[in-house]
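To start, the structure under review is shown below, and the notes come after it.
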Amino acid sequence: MINSAFEANLVEIENLTFKRGERVIFDNISLSIPKGKVTAIMGPSGIGKTTLLRLIGGQLKPESGNILFAGKNIPLLSRADLYEVRKQMSMLFQSGALFTDMSVFDNIAFPIREHTKLSENIIEKIVLMKLEAVGLRGARHLQPSELSGGMARRVALARAIALDPELILYDEPFAGQDPISMGVIVRLIRSLSDALGLTSVVVSHDVPEVMSIADYIYIVAEKKVIGHGTPEQIRQDSSPLVQQFIQGDADGAVPFHYEAPAYRDELIRRVSK
Amino acid sequence: MQQLHYLGKQTLSMISGLGRAVILLVSAIVHVPNVRKGTPLLIQQLYSVGVLSLLIIIVSGTFIGMVLALQGYTILVGYGAEASLGPMVALSLLRELGPVVAGLLFAGRAGSALTAEIGLMKATEQLSSLEMMAIDPLRRIIAPRFWAGFISLPLLTAIFSMVGILGAHVVGVNWLGVDSGTFWSVMQEQVDFEKDILNSVIKSIVFAFVVMWIAVYKGYDCEPTSEGISRATTSTVVQSSLLILCLDFILTALMFVK
Ligand SMILES: Nc1ncnc2c1ncn2[C@@H]1O[C@H](COP(=O)(O)OP(=O)(O)OP(=O)(O)O)[C@@H](O)[C@H]1O
Ligand SMILES: [Mg+2]
Numbered sequence: 027m028i029n030s031a032f033e034a035n036l037v038e039i040e041n042l043t044f045k046r047g048e049r050v051i052f053d054n055i056s057l058s059i060p061k062g063k064v065t066a067i068m069g070p071s072g073i074g075k076t077t078l079l080r081l082i083g084g085q086l087k088p089e090s091g092n093i094l095f096a097g098k099n100i101p102l103l104s105r106a107d108l109y110e111v112r113k114q115m116s117m118l119f120q121s122g123a124l125f126t127d128m129s130v131f132d133n134i135a136f137p138i139r140e141h142t143k144l145s146e147n148i149i150e151k152i153v154l155m156k157l158e159a160v161g162l163r164g165a166r167h168l169q170p171s172e173l174s175g176g177m178a179r180r181v182a183l184a185r186a187i188a189l190d191p192e193l194i195l196y197d198e199p200f201a202g203q204d205p206i207s208m209g210v211i212v213r214l215i216r217s218l219s220d221a222l223g224l225t226s227v228v229v230s231h232d233v234p235e236v237m238s239i240a241d242y243i244y245i246v247a248e249k250k251v252i253g254h255g256t257p258e259q260i261r262q263d264s265s266p267l268v269q270q271f272i273q274g275d276a277d278g279a280v281p282f283h284y285e286a287p288a289y290r291d292e293l294i295r296r297v298s299k
Numbered sequence: 013m014q015q016l017h018y019l020g021k022q023t024l025s026m027i028s029g030l031g032r033a034v035i036l037l038v039s040a041i042v043h044v045p046n047v048r049k050g051t052p053l054l055i056q057q058l059y060s061v062g063v064l065s066l067l068i069i070i071v072s073g074t075f076i077g078m079v080l081a082l083q084g085y086t087i088l089v090g091y092g093a094e095a096s097l098g099p100m101v102a103l104s105l106l107r108e109l110g111p112v113v114a115g116l117l118f119a120g121r122a123g124s125a126l127t128a129e130i131g132l133m134k135a136t137e138q139l140s141s142l143e144m145m146a147i148d149p150l151r152r153i154i155a156p157r158f159w160a161g162f163i164s165l166p167l168l169t170a171i172f173s174m175v176g177i178l179g180a181h182v183v184g185v186n187w188l189g190v191d192s193g194t195f196w197s198v199m200q201e202q203v204d205f206e207k208d209i210l211n212s213v214i215k216s217i218v219f220a221f222v223v224m225w226i227a228v229y230k231g232y233d234c235e236p237t238s239e240g241i242s243r244a245t246t247s248t249v250v251q252s253s254l255l256i257l258c259l260d261f262i263l264t265a266l267m268f269v270k
């Protein structure tokens, strides 16, 4: 089972169940991330997309199920093995998570300095190349506190791709970007996978951008995968849930609200108290 | 019944907290240090934990020495025993005040800062992002800070006692007119290396261990929100101060009571 999946899929999630306290976040879901492709994960806010990335990175342990990365079952790895596996992946955090005690340049140089023995000269070339790719070469001397929200996320993106790892997990790479930098980032993610064969997982709500870069899309809602396929298949999906999500209607099959009793009932209860 | 339930819950969470603290300590400090990468990190922390605490230690040490000399002199002079001012000050500082006051100041100055720094790194996902970069935050962030504090406090305590004695000299000799030769020679005669100086060092090492352990644990284990960090910072100062005072009593009883 492991070896057959290993060829085409870098990450294989099988029958994963995850709970936060009593609350079930994922109920027995399975999905696979093909090697060298851009896979998008979409879904309403709070559904557990960030959680899913953290599960793949081994920062959270599932209740049950397997998360295979290149054939290794992440939840069962020892601490040392997990750190070994993580050298092959990187993650763009939703909050950016830049190191506040270092300049932009040092932030991006940090993983390179830690994991390679390259000379400072070469490191500088790599860092400037990555900064150029996100359009912030001029910002190399700034401190993270001096960046705008969108700039900080682009620096974090440059840091995530600094080592060109096998697997890159992007949590909301487009959030807070203007249309121009959005276009740049879309092309950047696409080209990393086309030119270098890196595997990308993109979590995002931006339907048009995702449709334009993803090779394969999973839509997650209600603790499950409600639809998956290529952008074309998703667009033609007959499921009302999927259609509602990509059209962006508030009223429909997908609940927009965090689990709660009906609003009407709650109002009546308050009045009658 | 409800109280019982509450008590049980509190006890359980205390024990599990203690367990996490032990695990943190063990995994942060029990490993082969990487000299090439670790040394610059340690030096940087020695600066921010140790060197930056110097000022408060020197100023407080001086004042405490001066006050001791003033009080000591007014009492001793009544018995014509002002020649014992030197040893009185030196013994008070070495045996008790040096380790305890330096420890308390260190907890307030460096311990709280470390907790807040680590807590904020956690809240802004910097620790998670290190983990995802395959860099163990326990080694990269916690260990150098722990060791820096562990090395700094005994040195700061020694400095505290020294400037305290100098402060007492200024007040006792230069102001109140005790003979300088007597001040030093009687002190030399009365202070025992093993009993006083070594015990002072042992106390400061114990306090350093306690303060740093609490500080890094509270930061690493805090709830990653602003209230969580402020609570953790407060409890670092409160718990390490109380523990220093308790342990001081126990250590004194073990060291000085025959
Ligand atoms: N530390 C935590 N403790 C308890 N529950 C949590 C915690 N973090 C997240 N959750 C819960 O897990 C669920 C999934 O959170 P997650 O951050 O994965 O959502 P998301 O899909 O990334 O949302 P968004 O699109 O808004 O970023 C949320 O409903 C949240 O309430
Ligand atoms: Mg999220």
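Quick mapping for you: the protein sequence lines, in order, are chains U and H. Start counting at 1 in the first sequence, then tack on 26, and there's your number in our numbering. Start counting at 1 in the second sequence, then tack on 12, and there's your number in our numbering. Built from N, CA and C at the ideal position, the CB exists for glycine as well. Because the structure is a prediction, the values reported are computed rather than measured.
If you ignore the 5 residues before and after Glu108 (chain H), its C-beta comes within less than 8 Å of the C-beta of Asp260, Thr264, all in its own chain and listed in chain order. DSSP, reduced to helix, strand and coil, places Gly240 (chain H) within a helical segment of the structure shown. Judged by pairs of C-beta atoms under 8 Å, the stretch 140 to 156 of chain U does not touch the stretch 165 to 177 of chain H, as fewer than three such pairs exist. When C-beta atoms of the stretch 131 to 147 of chain H are compared with those of the stretch 80 to 92 of chain U, three or more pairs fall below 8 Å, so the two segments count as touching. Of the residues assessed, Leu108 (chain U) falls on the buried side of the cut-off, its CB having 16 or more other CB atoms within 10 angstroms.
Among the CB atoms of chain U, one or more fall inside 7 Å of the CB of Glu137 (chain H).
For Met128 (chain U), no CB of chain H lies under 7 Å from its own CB, so it is not counted at the interface with that chain. These are the residues, in chain order, with a beta carbon less than 7 Å from any non-hydrogen atom of ligand 2: U:Lys75, U:Thr76, U:Gln120, U:Asp197, U:Glu198, U:Val229. Look at Arg32 (chain H): its beta carbon is at least 6 Å from all of the heavy atoms in ligand 1. Collapsing the DSSP output to three states places Ser124 (chain H) in a helix.
No Cβ of chain H is located within less than 7 Å of the beta carbon of Gly176 (chain U). Note on geometry: alpha-carbon atoms of Met177 (chain U) and Phe125 (chain U) lie some 14 Å from one another. Annotation for Ile148 (chain U): the continuous alpha helix (DSSP H) segment containing it runs 146 to 159.
Between ligand 1 and the CB of Gly72 (chain U), the shortest heavy atom gap is smaller than 6 Å. Just so you know, the alpha carbons of Leu79 (chain U) and Thr65 (chain U) end up roughly 12 Å apart. Around the beta carbon of Pro137 (chain U), a 10 Å sphere encloses 16 or more other beta carbons of the protein chains shown; the residue is thus reported as buried. The three-state reading of DSSP puts Arg157 (chain H) in helix, counting H, G and I together.
Its Cα nearest to that of Gly123 (chain H), the residue H:Met224 stands out among H:Leu257, H:Met224, H:Ser72, H:Phe268. Assignment of beta-bridge partners to Ser116 (chain U) by DSSP yields U:Ile194.
With a beta-carbon spacing of about 6 Å, Pro199 (chain U) and Leu118 (chain U) fall inside the 8 Å limit used to define contacts. Beta-carbon to beta-carbon, Leu36 (chain U) and Phe95 (chain U) are separated by about 7 Å, close enough to satisfy the 8 Å threshold.
The nearest non-hydrogen atom of ligand 1 is 6 Å or more from the C-beta of Arg105 (chain U). Straight through space, the alpha carbons of Met267 (chain H) and Ala135 (chain U) are spaced by roughly 52 Å. The beta carbon of Ala106 (chain U) does not come within 7 Å of any beta carbon belonging to chain H, so the residue lies off that interface. In the displayed model, Val251 (chain U) falls within a strand according to three-state DSSP. For Arg179 (chain U), the CB stays at least 6 Å from every heavy atom of ligand 1.
Around the C-beta of Tyr18 (chain H), fewer than 16 other C-beta atoms lie within 10 Å, and the residue is accordingly described as exposed.
The three-state secondary structure of Ile59 (chain U), taken from DSSP, is strand.
Just so you know, the alpha carbons of Ile171 (chain H) and Lys215 (chain H) end up roughly 15 Å apart. With a threshold of 7 Å between beta carbons, Met237 (chain U) makes no contact with chain H.
The Cβ atoms of Arg166 (chain U) and Leu173 (chain U) lie no closer than 7 Å to each other. Ile206 (chain U) counts as exposed, since fewer than 16 other beta carbons sit within 10 angstroms of its beta carbon.
Chain order gives the chain H residues near Gly83 (chain U) as Ser140, Glu143, Met144, where near means a beta carbon separation below 9 Å.
Shown here for Asn99 (chain U): same chain residues with a beta carbon closer than 6 Å to its own, the five before and five after excluded, namely Asn92 in chain order. Within the stretch 106 to 124 of chain U, contact with chain H at the beta-carbon level (separation under 9 Å) is assigned to Leu108, Tyr109, Glu110, Val111, Arg112, Lys113, Gln114, Met115, Ser116, Met117, Phe119, Gln120, Ser121, Gly122, Ala123, Leu124. For Asp148 (chain H), the chain U residues whose C-beta falls within less than 9 Å of its own C-beta are Arg105, Tyr109, listed in chain order.
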